[in-house]
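The next block holds one structure in the form of structure tokens; read it before the comments.
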Amino acid sequence: MLELKNISKIFPGVKALDDVSLSFQKGEIHALMGENGAGKSTLIKIITGIYHPDMGGVYLDGKKVEMRSYRDAVEHEISMVSQEIQIIPDATVAENIVLDRIDKFRKGIRVDWKAINQTAKVYLDMVGLSISPEEKIQHLTAAQKQLIQIAKALSAQAQYILLDEPTSSLTTYESNNLIRLVKDLKKKGVGVIFVSHKIEEVLDLCDVVSVLRDGKYVGTKSCKGITRQEIVKMMIGREEEAEHMGFLDIGDEVVLEVKHAVAYGKTRDISFQLKKGEILGFYGLVGSGRTELARVITGIDKLDSGEVLVRGQKAHIHSVQDSMEKYRIGYVTENRKEEGLILDFSVGDNLTITVWSQILDKFRKIQTSEEKKIVSFMVDKMKVKTPTAETKVGSLSGGNQQKVSIGKWLAANCDILIIDEPTVGVDVGAKKYIHELICSLAKEEGKSIILISSDMPEMITLARRILVFKDQKVVGEIDGLNDKEHSYEEVSMEIGKLMA
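Quick note on the numbering used here: the sequence shown kicks off at 182 and runs consecutively.
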């Protein structure tokens with residue numbers, strides 16, 4: 182048994198954990214849930230020796246253990262897969278997988294690279310990755326890097342594995358493969374601590390769920406028989422509200438039109454129109470062409486044939502800078518940690534990076550007074566919870582990072598926003614706020630929004646028209662969602678038929 186007894190952790194101005202006691206069993210999949218800032222990440226870092234508790238202790242099979250570093254955790258057969266992708270880009274796949282125990286592959290002063298590659302291949306096969314162990318990791322996708330982190334944790338042959346939002350970067354196929362792996366680990370007697378914001382995923386996979394709120398332990402319940410509403414109430418202290426987001430006054434003005442867009446290997450002959458004040462949904466599986474089309478529109482990837490028209494004029498977009506500065510189109514990427522934000526930069530820098538060129542003085546230096554005004558306004562508008570504007574954005578919770586990722590495009594006063602997976606990896610409270618924000622941008626500010634999401638309830642709640650993607654093309658359109666007449670069940674069934 183892994184036990185946490187009376188754990189408290191205080192940071193300057195914040196009590197991150199307050200007298201938390203919790204236990205985890207071998208052969209059990211134990212979910213750990215709570216809103217962003219509830220203390221989940223702090224608790225995980227204490228278990229793995231990254232943080233040290235100010236009070237209380239960690240116990241293994243009844244004996245108190247001192248975790249002074251992550252290496253100590255590995256020595257005690259505890260391994261972690263972080264939500265943030267933590268790899269060495271210039272190293273090979275195999276080197277990253279055996280990194281924590283590479284000394285075990287030494288023969289005298291030499292390293293047995295053949296054994297390292299063979300070992301890595303075993304765990305690559307286990308997570309379903311068909312890549313060479315000798316390939317450099319920097320060229321891989323975010324999903325592949327996440328699976329390599331999981332392979333690394335498996336290779337440690339730990340008795341307890343902590344998975345922090347492990348499916349947030351994965352496709353449906355990859356997620357299903359991971360869930361199969363987790364169930365196999367349970368059969369082998371491994372204890373799995375599973376941190377996720379996806380309540381349905383937790384209910385399907387886990388045996389028990391423990392909830393933290395504001396740094397305090399709320400309770401532990403069996404996943405058998407508990408409802409989504411009960412978990413949400415434990416997390417936020419009240420019932421979850423699900424409601425139609427209101428009627429949008431969508432006119433006839435077309436602000437963006439795509440005609441017969443072809444990008445080889447990405448999109449196949451796609452045409453659509455986006456109207457002023459509309460929220461247009463792109464729904465489909467990862468790889469279906471929805472994100473690929475967004476990247477073509479914003480100039481990240483090349484358009485091989487077809488055309489893009491902005492406000493009736495043919496657009497020539499060759500970069501994200503073109504799309505923003507020439508056509509006032511912003512793109513909130515699905516991969517905020519690698520593409521949407523500069524994690525080592527401050528909150529303020531990330532919020533104003535899109536407008537630096539607009540606030541230069543005659544000496545080409547940024548006017549700090551103007552910058553501070555913009556930062557103060559956007560932090561307030563987006564309700565970003567941060568100690569100061571100088572705080573590194575990488576230290577914020579996932580929900581607050583996402584608010585900054587959206588906020589930088591609002592600072593640039595973009596009229597057209599493409600928002601890709603707006604609430605991936607955020608808690609129910611932040612999710613509700615982001616939904617309200619997206620709706621108000623269209624309703625009150627007349628922004629035109631393309632919403633890309635794998636979350637069907639999110640799509641049906643927000644979109645007033647949905648394009649369904651499959652095999653890199655649009656296979657159907659669902660209209661008439663600007664009122665409350667269509668039920669969730671009706672719309673989801675129609676989407677399912679189009680994707681079949």
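All residues carry an ideal CB built from backbone N, CA and C; glycine is no exception.
By the Cβ test, the region 499 to 516 is in contact with the region 596 to 604, since at least three Cβ pairs between them sit closer than 8 Å. By the criterion of a C-beta distance shorter than 8 Å, ASN594 is surrounded in its chain by ARG509, once the five residues flanking it on both sides are discounted.
Non-local C-beta neighbours of VAL399 in its own chain, meaning closer than 7 Å and more than five positions away in sequence, comprise VAL392, LEU393 and MET415, ordered along the chain. ARG419 is bridged by DSSP to nothing; it lacks a bridge partner. By the neighbour-count definition (other C-beta atoms within 10 Å, threshold 16), PHE544 is an exposed residue.
In terms of Cβ geometry, GLN264 and ASP345 form a close pair [threshold 8 Å]. The alpha carbon of VAL560 has as its nearest neighbour, out of LEU591, ILE228, SER550 and GLN539, the alpha carbon of LEU591. Cβ neighbours of HIS667 within its own chain (closer than 8 Å, five residues either side excluded): GLY661. In the DSSP assignment, the residues bridged to LYS196 are ILE191.
Distances from the CA of ILE460 to each of TRP294, MET640 and ALA444 were compared; the closest alpha carbon is that of MET640.
Residue range 609 to 624 is occupied by the alpha helix (DSSP H) that includes HIS616. Listed as beta-bridge partners of HIS211 by DSSP are ILE374 and VAL389. SER586 counts as buried, since no fewer than 16 other beta carbons sit within 10 angstroms of its beta carbon. Note on GLU276: 16 or more other CB atoms within 10 angstroms of its CB, so buried under the neighbour-count rule.
Residue burial is scored here from C-beta neighbours: GLU216 has at least 16 other C-beta atoms within 10 angstroms and is therefore classed as buried. Membership of VAL436 in the beta strand (DSSP E) is indicated by the continuous run 435 to 444. ILE510 carries a strand assignment under DSSP once its states are collapsed to helix, strand and coil. Under the three-state reduction of DSSP output, GLU488 falls in the strand class. Relative to ASN298, the option among PRO314, TYR304 and MET307 whose CA is nearest is PRO314.
Restricting attention to ALA570, LEU366 and GLU617, the CA atom closest to the CA of ASP525 is found in ALA570.
Taking C-beta atoms as the reference points, LYS221 and LEU213 count as a pair closer than 8 Å.
SER538 has its alpha-carbon roughly 29 Å from the corresponding atom of VAL439.
Beta-bridge pairing by DSSP links GLU184 to SER204 and TYR240. For ALA296, the CB contacts under 8 Å within the same chain, skipping 5 residues up- and downstream, are PHE286 in chain order.
If you keep only unbroken alpha helix (DSSP H) runs of at least 4 residues inside the region 270 to 295, you get 274 to 278.
Partner residues in the beta bridge of GLY657, as assigned by DSSP, are VAL649.
Between the beta-carbon of LEU490 and that of ALA442 there is about 11 Å, and that puts the pair past the 8 Å contact cut.
For the pair LEU343 and MET248, the CB atoms are not nearer than the 8 Å cut-off.
Beta-bridge pairing by DSSP links ARG394 to LYS397. Bridge partners of GLN454 according to DSSP: GLU438. An exposed status is given to GLN410, since fewer than 16 other beta-carbon atoms sit within 10 Å of its beta-carbon. Distances from the alpha-carbon of SER629 to those of GLY458, ALA197 and HIS233 put GLY458 closest.
A direct Cα-Cα distance of roughly 50 Å separates GLN206 from ARG449. In the three-state DSSP reduction, ASP664 falls in the coil class, being neither helix nor strand. Annotation for PHE558: no beta strand (DSSP E) segment contains it, though the alpha helix (DSSP H) segment containing it runs 549 to 563. Taking the C-beta atoms as reference points, GLY396 is found nearer than 8 Å to ALA197.
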